[in-house]
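Each remark here refers to the structure printed beneath this line.
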Amino acid sequence: MQYKKVSHVLFDLDGLLLDSETLYTEAFTTVCAKYNKTFTWELKASLLGFQGHECAEKIVKTLDLPITKEEFMKECFKIYEVLFPKVQLMPGARKLVEHLHKKGVPIALATSSSKDSVDMKMQNHKYLLNLFHHLTMGSSDPEVTKGKPDPAIFLVCASRFPDKPKPENCLVFEDAVNGVKAACAANMQVVVVPDPRIDSTLLQDATVVLKSLEDFEPQLFGLPAYD
Numbered sequence: 000m001q002y003k004k005v006s007h008v009l010f011d012l013d014g015l016l017l018d019s020e021t022l023y024t025e026a027f028t029t030v031c032a033k034y035n036k037t038f039t040w041e042l043k044a045s046l047l048g049f050q051g052h053e054c055a056e057k058i059v060k061t062l063d064l065p066i067t068k069e070e071f072m073k074e075c076f077k078i079y080e081v082l083f084p085k086v087q088l089m090p091g092a093r094k095l096v097e098h099l100h101k102k103g104v105p106i107a108l109a110t111s112s113s114k115d116s117v118d119m120k121m122q123n124h125k126y127l128l129n130l131f132h133h134l135t136m137g138s139s140d141p142e143v144t145k146g147k148p149d150p151a152i153f154l155v156c157a158s159r160f161p162d163k164p165k166p167e168n169c170l171v172f173e174d175a176v177n178g179v180k181a182a183c184a185a186n187m188q189v190v191v192v193p194d195p196r197i198d199s200t201l202l203q204d205a206t207v208v209l210k211s212l213e214d215f216e217p218q219l220f221g222l223p224a225y226d
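Under numbering that gives the first Met the number 0, the residues of the sequence shown are numbered 0 to 226, in order.
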């Protein structure tokens with residue numbers, strides 16, 4: 000398989016670099032259970048890549064919860080404050096980010112999360128955040144008008160590199176179907192490391208599908224190989 004050479008790399012955060020999707024599931028499940036509703040995998044799968052308010056809106060509507068999306072988010076936030084500081088990095092995340100940074104490859108973060116959420120989750124992983132040229136946090140970024148699968152977040156993120164790379168020169172790392180759709184819509188190649196429960200037919204547009212970030216071979220995309 001021949002891949003196009005890239006010069007810049009954009010990373011999603013939740014479920015890709017951070018093992019945080021399990022914590023979101025725990026929070027959503029807990030709040031829904033309060034109202035005798037079940038937060039299912041099917042609903043979860045449809046939310047991956049959404050901004051926070053979009054998730055809350057869909058959950059409240061789908062499960063017919065007797066609260067507003069703002070109340071739902073507030074209840075979840077209390078749970079996040081307990082859970083998020085404990086979040087771990089995904090296998091291979093630190094190695095890949097450190098490698099690209101060390102080799103001088105421009106890297107940035109493109110996450111649907113808000114700044115508050117990122118600060119909470121990354122309080123024990125600040126060193127990793129400092130390796131990115133910039134952070135684009137969709138839920139609190141006025142230029143990111145729509146969540147994934149809209150390409151806005153990746154286009155905005157790429158435009159903030161000083162040399163403004165063309166979209167086709169950017170490689171995106173994702174874990175979600177909506178993220179793959181967003182990257183493709185932005186005309187970028189995309190490596191996806193999906194939850195194993197995701198239907199593989201939904202990932203056909205991805206450039207590469209991996210089981211772990213540990214399996215990524217940078218040289219396939221013209222990036223410096225691991226030493």
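Glycine included, every Cβ here is placed at the ideal spot set by N, Cα and C. It should be emphasised that the depicted structure is a prediction, and the values quoted were computed from it without experimental measurement.
Secondary structure remark: continuous alpha helix (DSSP H) runs of at least 4 residues inside the region 86 to 145, in chain order: 92 to 101, 114 to 120 and 125 to 128. Shown here for A205: same chain residues with a beta carbon closer than 6 Å to its own, the five before and five after excluded, namely V179, V189 and V191 in chain order.
Looking only at T135, P195, V96 and L154, the smallest Cα-Cα distance to A44 is reached by P195. Beta-bridge analysis with DSSP links D13 to L17.
Around the CB of D13, 16 or more other CB atoms lie within 10 Å, so the residue is classed as buried. Taken in chain order, the complete beta strand (DSSP E) segments of 3 or more residues contained in the region 146 to 178 are 169 to 173. The alpha-carbon of S116 is positioned some 34 Å away from that of Y2.
Residue pairing of H52 in beta bridges, as defined by DSSP: absent, with no partner found. Note on N177: 16 or more other CB atoms within 10 angstroms of its CB, so buried under the neighbour-count rule.
Per DSSP, reduced to three states, the secondary structure at V81 is helical. L209: not part of any alpha helix (DSSP H); DSSP gives it neither H nor E. In summary, Y23 is buried, with 16 or more beta-carbon neighbours lying within 10 Å of its beta-carbon over all protein chains present.
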